[in-house]
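Undergrad: Below is the structure I would like to discuss, written out as structure tokens.
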Amino acid sequence: MDSRLNDFLARAESVLARLEPLLPAVRQPIDWQHSLAARWHRDGRSGYLQPLEVSLDLRLDDLLGVDKQRDQLARNTRQFVAGKPANHALLWGARGTGKSSLVRALLAELAGEGLRLIEIERDHLADLPRVVEQLQGQPQRFVLFCDDLSFDAGEGDYRVLKSVLDGSLEQAPDNVLLYATSNRRHLVSEKQSDNENWQMVDGELHPNEAVEDKIALSDRFGLWLSFYPFTQEHFLSVVRHWVEVLARKSGLNAWSWDEALEKEAIRWALGRGNRNGRCAYQFARYWVGRQLLEGDTP
């Protein structure tokens, strides 16, 4: 009897050893007192929130030339953190102009007051109700952040987002809000053919149903913020700011803002075909790093 029991237990252990890697890992609940951000991961038919280590070095004062957008989103977020009514926000416009950076800077500004950030990919937006369910009852205030949100022609996923914004998020606890960034104003690609069936009714111009359907998605966001390409003056002011910040952090004291540095920054932007905040920051890192290396070279 003991022999058969031992054989059975050995086979059971062998089966469990083979099955265990196939089972979902046990996820510990996030301690939101210490975790400031998380990312939603799809795991089979379900998913989980993974805590993230985030840097709080980026401040609102680092975002130059977008004062109006910065102030509007900061005011909306402060309303939200204070438990007052606030809107879902869509930040749209030219790439590299500070849309995502603004959201991260707000986390650094308001994390001490209870703001938390959760990143969710566009392909996982259908999981929003599951994410919201895990946040219900928490004392913190959560911004669900979807970066670079857009939908190509023929994709029907944008209708899922419409239903989510109209349904689960609006009925969700008041500690959840959605912020999204996009290069497209209406999130969905627009074609010339969309404009062929506009109608004049009693002196008013009415779009066709295809256009209405696409505009309706962005209308779900109560706050729209537009970001535009930098002028050369704006670009150079951002370059100078980041050179000053990085030089101070690196201990580079022997430098000055002069015409040669301006021209080098302009050539850098021309070589990349754009003038934006990302390009300005990349040039500042290149230039400060080069100065430090040349200073260390005997």
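Numbering (this note's numbering), first residue to last: 355 to 652. Beta carbons are placed, not taken as given, at the ideal position from N, Cα and C, and that holds for glycine. For clarity, every value in this text was computed on a predicted model and none was experimentally measured.
1. Ignore the nearest five residues each way along the sequence and tell me which others in L600's own chain have a CB closer than 7 angstroms to its CB.
2. Suppose the cutoff is 7 angstroms on Cβ atoms and the five residues either side in sequence are ignored; what does the same chain contact list for G452 look like?
3. Whole angstroms is fine: what's the gap from R424's alpha carbon to D397's?
4. DSSP three-state call for V592: helix, strand or coil?
5. Beta carbon of V457: closer than 7 angstroms to some heavy atom of the ligand GDP?
6. For V497 and H588, what's the separation of their Cα atoms in angstroms?
7. Leaving out five residues on either side along the sequence, give the residues of the same chain with a beta carbon under 6 angstroms from the beta carbon of F584.
8. Kindly indicate the opening and closing residues of the beta strand (DSSP E) around R310.
9. Can you grab the Cα-Cα spacing for the pair V369 / Q404, in whole Å?
10. Give the DSSP-derived three-state secondary structure of H395 in the structure shown.
11. The beta strand (DSSP E) spanning P405 covers which residue range?
12. Is the beta carbon of L579 closer than 8 angstroms to that of L427?
13. Give me the residue from V486, V592 and D481 with the minimum Cα distance to W611.
TA: From the atom records:
1. A638, R639 and V642
2. L417, V420, F581 and G631
3. Each residue's alpha carbon lies about 35 angstroms from the other.
4. Helix at V592.
5. Summarising the ligand content, the structure contains no ligands, and the ligand GDP is consequently not present.
6. 29 angstroms
7. R629 and N630
8. A question about residue 310 goes unanswered here, because the residues of the chain that appear run from 355 up to 652.
9. 30 angstroms
10. strand
11. S400 to L406
12. A contact, by the Cβ cut-off of 8 angstroms.
13. V592
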